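Enquirer: Dumping the structure here so I can ask a few things about it.
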Amino acid sequence: NAGVTQTPKFRVLKTGQSMTLLCAQDMNHEYMYWYRQDPGMGLRLIHYSVGEGTTAKGEVPDGYNVSRLKKQNFLLGLESAAPSQTSVYFCASSLAGVGSGELFFGEGSRLTVL
Amino acid sequence: SQQGEEDPQALSIQEGENATMNCSYKTSINNLQWYRQNSGRGLVHLILIRSNEREKHSGRLRVTLDTSKKSSSLLITASRAADTASYFCATGVYNQGGKLIFGQGTELSVKP
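So the sequence lines, in the order shown, correspond to chains D and G. When the letters of the first sequence are read in order and numbered with the numbering used here, they come out as residues 366 to 479. When the letters of the second sequence are read in order and numbered with the numbering used here, they come out as residues 874 to 985.
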């Protein structure tokens, strides 16, 4: 069981470059999320999706875009990376909304922007 | 701002002792969940307590919820070195769809 898989696991970018983080889940979950984790800040929700073709903003959406073209995939894009986006990014999925239970997390993608 | 605030930020205990972590939140919730994160890894779900529940157990874990005080606690009994990790509370909020908002976490160190 793969669960939630994130690629790449590590990436170094220069300021202004763009990149896409891919999240794939094999559990047929409707909901998918992107969080970032910074020291002393816990996890902060960037964007989330309640189903294929839908996306919504979380707490810290600026500088990021997302797409959910297929139910199993949730992409996080950085169009013009900034040093403030240096972080560890976590993707998660859940069967339904927060009322139904747990989130399943990937192992994280560590991004450094120079 | 963060929905959940955890206390303490760090906790160091000896193996066999109990560990208690607290979480306070600001708005009405559907449920409150606790997660564990080992260093360098993703988060793993531990337990969920719904807003109409007051206490829940799972193995060595005991979670309480006091909605009048907007607070929850996680108790790990008879701790083990393998319990060393960061623990996060997360709240599911009314009228905010699928969002789960995390606290800043408590870093637990259990010394053998």
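A virtual CB, placed ideally from N, CA and C, is assigned to each residue, including glycine. What you are looking at is a predicted structure, and each value in this text was computed from that prediction instead of being measured.
Give the single residue among D:450, D:466, D:458, D:472 whose Cα lies nearest to the Cα of residue 403 of chain D.
Expert: When only C-alpha atoms are compared, the closest one is D:450.
Enquirer: For the candidate residues D:479, D:456, D:461, whose alpha-carbon lies nearest to that of residue 965 of chain G?
Expert: Of the candidates D:479, D:456, D:461, the one whose C-alpha sits nearest the C-alpha of residue 965 of chain G is D:461.
Enquirer: Answer yes or no: does any C-beta atom of chain G fall closer than 8 Å to that of residue 428 of chain D?
Expert: Taking Cβ atoms only, chain G never reaches closer than 8 Å to residue 428 of chain D, which makes this a no.
Enquirer: Flag residue 417 of chain D as yes if its beta-carbon sits less than 8 Å from any beta-carbon of chain G, otherwise no.
Expert: Output row for residue 417 of chain D: interface = no.
Enquirer: Taking its Cβ as the centre, do 16 or more other Cβ atoms sit within 10 Å of residue 423 of chain D, making it buried, or is it exposed?
Expert: Residue 423 of chain D comes out buried.
Enquirer: Who are the neighbours of residue 392 of chain D on chain G, taking C-beta pairs under 9 Å?
Expert: Residues of chain G passing the Cβ test: none, with the nearest at roughly 13 Å.
Enquirer: For residue 367 of chain D, which option in D:431, D:413, D:391, D:425 has the closest C-alpha, if you only look at C-alpha atoms?
Expert: Among D:431, D:413, D:391, D:425, the Cα nearest to that of residue 367 of chain D belongs to D:391.
Enquirer: Under the assumption that residue 401 of chain D contacts residue 453 of chain D (Cβ atoms under 8 Å), give the Cβ distance between them as a whole number of angstroms.
Expert: Indeed, because the Cβ distance is near 7 Å, the residues count as touching under 8 Å.
Enquirer: Output, in sequence order along the chain, the residues in the region 920 to 932 of chain G whose CB is closer than 7 Å to any CB in chain D.
Expert: Residues 921.
Enquirer: Buried or exposed: where does residue 979 of chain G fall if 16 or more other Cβ atoms within 10 Å of its Cβ makes it buried?
Expert: Buried is the call here.
Enquirer: Per the DSSP calculation, residue 433 of chain D is bridged to which residue(s)?
Expert: DSSP output for residue 433 of chain D lists no bridge partner at all.
Enquirer: Using CA atoms only, rank isn't needed, just tell me which of G:985, G:912, G:952 is closest to residue 894 of chain G.
Expert: Comparing Cα positions, the closest option is G:952.
Enquirer: Of the residues that make up the region 429 to 446 of chain D, which ones have a beta carbon closer than 7 Å to any beta carbon in chain G?
Expert: Those would be none; no residue qualifies.
Enquirer: Under 8 Å Cβ-Cβ, which residues of chain G neighbour residue 455 of chain D?
Expert: Those within 8 Å of residue 455 of chain D in chain G are 915, 916.
Enquirer: Where does residue 924 of chain G fall in DSSP's three states?
Expert: It is coil, neither helix nor strand.
Enquirer: Can you tell me where the beta strand (DSSP E) with residue 402 of chain D in it begins and where it stops?
Expert: It spans 396 to 403 - the beta strand (DSSP E) in which residue 402 of chain D sits, taken as one unbroken run.
Enquirer: Give the straight-line distance between the Cα atoms of residue 420 of chain D and residue 430 of chain D, rounded to the nearest whole angstrom.
Expert: Distance between the alpha carbons of residue 420 of chain D and residue 430 of chain D: 9 Å.
Enquirer: Taking Cβ-Cβ distances shorter than 7 Å, what residues in chain D pair up with residue 972 of chain G?
Expert: Here the neighbours are 410, 413, 423, 463.
Enquirer: Using three-state DSSP, classify residue 450 of chain D as helix, strand or coil.
Expert: In this structure, residue 450 of chain D counts as helix in the three-state DSSP scheme.
Enquirer: Answer yes or no: does any C-beta atom of chain D fall closer than 8 Å to that of residue 906 of chain G?
Expert: Yes, because at least one Cβ of chain D sits closer than 8 Å to the Cβ of residue 906 of chain G.
Enquirer: State yes or no: is the beta carbon of residue 979 of chain G nearer than 8 Å to at least one beta carbon in chain D?
Expert: No - not a single Cβ of chain D is within 8 Å of the one on residue 979 of chain G.
Enquirer: Give me the chain G residues within the contact set of residue 381 of chain D, using Cβ-Cβ distance strictly less than 8 Å, ordered along the chain.
Expert: Near residue 381 of chain D there are no residues of chain G at all, since even the closest Cβ is about 29 Å away, more than 8 Å.
Enquirer: Checking the sheet assignment: what are the DSSP bridge partners for residue 473 of chain D?
Expert: DSSP output for residue 473 of chain D lists no bridge partner at all.
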